[in-house]
Structure formats: C-alpha cells, structure tokens
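Input: a single structure, listed below in structure tokens.
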Amino acid sequence: MSDDLPAEADRADGAPHPRETAHLFGQGDAEAAFLEAVAQDRLHHAWLLTGPKGVGKATLAWRLARFLLAEAPADAGFFGDAPPTPTSLDIPRDHPVARRIAALSEPGLLLIRRAWDSDRKKLKSQITVDEVRKLNEFFGLTATDGGRRIVIVDAADELNPSAANALLKVLEEPPKRAVLILVSHQPARLLPTIRSRCRTLRLGEVGPEDMARALSQAGVTPEDGLALSELAQGSVGEAIRLLSQDGPGLYATIVRLISGGPRMDRQALRAFAENVTVRGAEERQDLAVRLLNLALVRLARTGAGRPPLAEAAPGEIEAWRRLAPDAGRAQVWATLQQELSSRIAHGRAVNIDAQSLLTDAFLRIDEAARD
0 MSDDLPAEAD
10 RADGAPHPRE
20 TAHLFGQGDA
30 EAAFLEAVAQ
40 DRLHHAWLLT
50 GPKGVGKATL
60 AWRLARFLLA
70 EAPADAGFFG
80 DAPPTPTSLD
90 IPRDHPVARR
100 IAALSEPGLL
110 LIRRAWDSDR
120 KKLKSQITVD
130 EVRKLNEFFG
140 LTATDGGRRI
150 VIVDAADELN
160 PSAANALLKV
170 LEEPPKRAVL
180 ILVSHQPARL
190 LPTIRSRCRT
200 LRLGEVGPED
210 MARALSQAGV
220 TPEDGLALSE
230 LAQGSVGEAI
240 RLLSQDGPGL
250 YATIVRLISG
260 GPRMDRQALR
270 AFAENVTVRG
280 AEERQDLAVR
290 LLNLALVRLA
300 RTGAGRPPLA
310 EAAPGEIEAW
320 RRLAPDAGRA
330 QVWATLQQEL
340 SSRIAHGRAV
350 NIDAQSLLTD
360 AFLRIDEAAR
370 D
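In structure tokens form, the structure reads like this:
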C-alpha cells in the first residue's frame, strides 16, 4: 500500500484485503451451515463469525456479503416461485455486485471498522460511535431494488462501549431485509446481549494443505510450508505476517539457542538480541517474543507426551526431547514459560531495555537447562 493512502484496519500487512480474496479454504463446515440456513429460509438477521485470528473470518464475511447481495431472496422468484437452492457462496468476479464490492461502491453494503485519524496520521484504536451511527443513514435509504442491506463489522471486539450499545439497539430491532455480519477474534469481550442476538459460526484452524492453497491464492509460496503451518498455528493471516518478518528464520535461531543449553552460545545470543531489538523494528521484536513463547510451549508439551506433529525448525523435536524427557521437566518449562511471558510483558510496559529483557530471558532458559 502506498504511504500516501490511509491504512485499512481490516487488512493484514502483506496480504490482499479480504474483499479481494475469491476463495476460502478449510472452512467448509461454516459455509455449509450458512447455506443450509438460506435453503431452509432461516436466514438470521445477525451472524457472529468467531475463531482464531487469521483463519478466514473476514474473508467469509465478504463472501457472505457478495452472496446475499448477488443472490435473489427466497421470496423474490417470478410469479411467487422460489429461486433454485444455492449450493455455493461463490460469485463470479465479473458479477456487477462483486465488482462494486471490490471497489467499495456497493450501495447495499456498509463496512464498519476503525477509522483513519487524519490529524494523527494513524488508525484509531477503537471503533467509535460515530462509525456505528452511519447505520441510521444507511438503513434510512430505501433500496432501489427492494433487496437486502448488508453490514460488516470488522472487528466487533474493537467497538468502544458507546459504539457497542449503539450496535445493540440495531440488533434488537433490525430493519427488514437487513443482515449484520460481525467478525470477532475474542467474542468473550463482546456484550453478552450482542452475542445472544447473533447466530454464531465458529471457524477452526486451517490445515497444512488448505494453508498452502490459501497462501498460493495470496501470491505467497513459502520454502517450507509445513514448518510455516506449525508456526502459524492454523492461521493464514499469521503465516503471511511471519513470512513478511522472516518468522521461520527467527524461530530457527531461537531453537538453536535454546538447544545449546545448558551451554548456550553467548555470542550468538548477543547477536540475536541486538538484531531483533534495533530501533524502529518493534514488529520484529514483538514477533521474536511470540516465537520464544511458542518455542517454550512446544518444549513443555513434548515433555508432557505431546510433541509437535512436525518440526518448525531443523532439529527441533530432537532438542525438545533431550531438554524435556519427562513430565517433571515439562512442568519446569511450562512454569518458566509463564514466568518469562509475564516478566517480558511487564518489562516492556515500564520501558525496560528490550535487549536486556530478551537476553535475560534466554539466560534463565539456559539456567533451567542445567537443573
């Protein structure tokens, strides 16, 4: 994206926008449940799409929107006859509705997301009530074709209290032919009354084969797709972020350092800590912390009898089996993972030097390997 254009709050770095994504992989059950509701004329007025971040919730939201706007309602057939029962959410790219949605010019669709703060030149941290109030004007306009009105809220977790209450009022008294689609990464953060007024579709983690297909669609071809899938934990969005920051390379370095315990290579540790904590590389630093946490989780699970199904770095499983040969050692690593996670989070919150924090974490890991 050009630096001259405002960022889109609902777009992952390095990935196409979900509205530009034609196909959704690995979420056939969720799509089938929606199509069944349509076929049985039980289309709910509000749908809550939940699941881990990056598994395709936003892509599904846009697929639902295209489908609902392009397909005739069940009561719209000629002479009272119903249109054929749909079997797929796919809408051709050259369909007028698909083209208008891609250009954000479809009059029957309203997107609610975090707005761009033109004064601060960054995205707002929350969805404000002003964004939700756009619903009043949107629903106040009469659809020229008598068709549906679709609203996508991405992500509903980001609604501030006033915005959440304003949305709740719409959910309580939805306009005729309105369908609201809420994307939520953490549904527990939503008002219980919002959740109760929606039908939930939960999306699961994406398997390695579907992950490869989804990455190919996004124009990404990783060198080791299986390792990337392990690191991304079934999230296509996370896989794309990992690749943009050389996540597989960072994880391989973390594994080498930990596997060196109890005689960790201090020079290699110093070089790694310096590399990921340079000024202006906050995203890389965040990624390094997440991957360190993941490595310790995988190490602890190995000792508990649940080793990784596949290696995310060369020599990983062998190293974890050596460092965590039994349940007792698994508990040591699990406890250390929790302690280091809290320690690093607190240290960053009070602006302790990032390089010192990371170095100290690895030294504590090295010490634990001696015990």
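Numbering that gives the first Met the number 0 puts the first residue of the sequence shown at 0, with every later residue one more than the last. Glycine included, C-beta positions come from ideal geometry on N, C-alpha and C. Remember, it's a predicted structure, so these values are computed and weren't measured experimentally.
At the level of alpha carbons, what is the spacing between residue i and residue j?
| i | j | result |
| --- | --- | --- |
| PRO160 | ARG255 | 46 Å |
| ALA329 | ASP245 | 28 Å |
| LEU308 | ILE364 | 24 Å |
| ARG320 | SER258 | 10 Å |
| ASP116 | ARG305 | 46 Å |
| GLU190 | LEU158 | The question names Glu, but residue 190 is Leu in the sequence shown. Answer to the nearest angstrom: the Cα atoms are 10 Å apart. |
| ASP93 | LYS56 | 23 Å |
| GLY248 | LEU227 | 10 Å |
| PRO95 | ALA31 | 25 Å |
| HIS22 | GLN216 | 8 Å |
| ALA353 | PRO173 | 49 Å |
| VAL331 | ALA323 | 9 Å |
| ASP98 | GLN337 | Going by the sequence as given, residue 98 is Arg instead of Asp. Looking at the two C-alpha atoms, the distance is approximately 48 Å. |
| VAL128 | GLN266 | 52 Å |
| GLN185 | ASP156 | 6 Å |
| ALA69 | PHE137 | 19 Å |
| GLU310 | ILE316 | 6 Å |
| ARG300 | GLY279 | 34 Å |
| ASP40 | GLY218 | 37 Å |
| SER243 | LEU268 | 23 Å |
| HIS43 | ARG18 | 22 Å |
| ALA348 | ARG289 | 16 Å |
| GLN232 | ALA154 | 21 Å |
| GLU229 | GLU222 | 14 Å |
If you run the structure through DSSP and keep just helix, strand and coil, what is residue i?
| i | result |
| --- | --- |
| ASP245 | coil |
| LEU140 | coil |
| LEU227 | helix |
| HIS16 | coil |
| LEU67 | helix |
| PRO28 | It should be noted that the sequence gives Asp, not Pro, for residue 28. Helix. |
| ILE90 | coil |
| ARG119 | coil |
| VAL349 | coil |
| LEU48 | strand |
| VAL219 | coil |
| ARG112 | coil |
| ASP153 | strand |
| ALA8 | coil |
| LEU190 | coil |
| VAL235 | helix |
| THR252 | helix |
| ALA177 | strand |
| THR199 | strand |
| ARG148 | strand |
| LEU23 | coil |
| SER258 | helix |
For residue i versus residue j, is the C-beta spacing smaller than 9 Å?
| i | j | result |
| --- | --- | --- |
| ALA333 | ALA303 | yes |
| ARG188 | LEU167 | no |
| ILE180 | ALA60 | yes |
| LEU47 | ARG198 | yes |
| ILE149 | LEU63 | yes |
| ALA165 | LEU202 | no |
| THR58 | THR86 | no |
| ILE100 | LEU88 | no |
| VAL178 | ALA45 | yes |
| GLU237 | GLY53 | yes |
| LEU241 | LEU291 | no |
| ILE90 | ARG113 | no |
| ALA368 | MET210 | no |
| TYR250 | LEU293 | yes |
Thinking residue i and residue j are a contact (beta carbons under 8 Å), I'd like their distance in whole angstroms, please.
| i | j | result |
| --- | --- | --- |
| VAL169 | GLY25 | VAL169 to GLY25, Cβ: 31 Å. No contact. |
| ALA6 | LEU122 | 6 Å |
| SER183 | THR49 | 5 Å |
| GLN284 | VAL275 | 5 Å |
| LEU34 | ARG147 | Between ARG147 and LEU34 the Cβ distance is about 16 Å, and since that is not below 8 Å, they are no contact. |
| GLY346 | LEU356 | 4 Å |
| ALA14 | ILE351 | The pair is not a contact, with the Cβ atoms about 33 Å apart (cut-off 8 Å). |
| LEU200 | ALA29 | 5 Å |
Here's a check: name, in chain order, each residue in its chain whose Cβ is nearer than 7 Å to the Cβ of residue i, leaving out the five neighbours to either side.
| i | result |
| --- | --- |
| THR252 | PHE271 |
| ASP325 | GLY302 |
| THR84 | ALA38 |
| ALA8 | ARG112, ARG113 and LEU122 |
If you drop the 5 nearest sequence neighbours on each side, which residues of the same chain put their C-beta closer than 6 Å to that of residue i?
| i | result |
| --- | --- |
| ILE111 | GLU130 and VAL152 |
| THR220 | none |
| ALA287 | LEU249 and VAL275 |
| GLU105 | ARG99 |
Kindly list the residues whose CB is nearer than 8 Å to the CB of residue i, restricted to its own chain and excluding five residues on each side of it in sequence; keep chain order.
| i | result |
| --- | --- |
| GLY139 | none |
| GLY260 | LEU322, ILE364, ASP365, ALA367, ALA368 and ARG369 |
| GLN125 | ARG113, GLU157, LEU158, ASN159 and ALA162 |
| LEU335 | LEU295, ARG363, ILE364 and ALA367 |
| GLY224 | PRO207, MET210, ALA211 and LEU214 |
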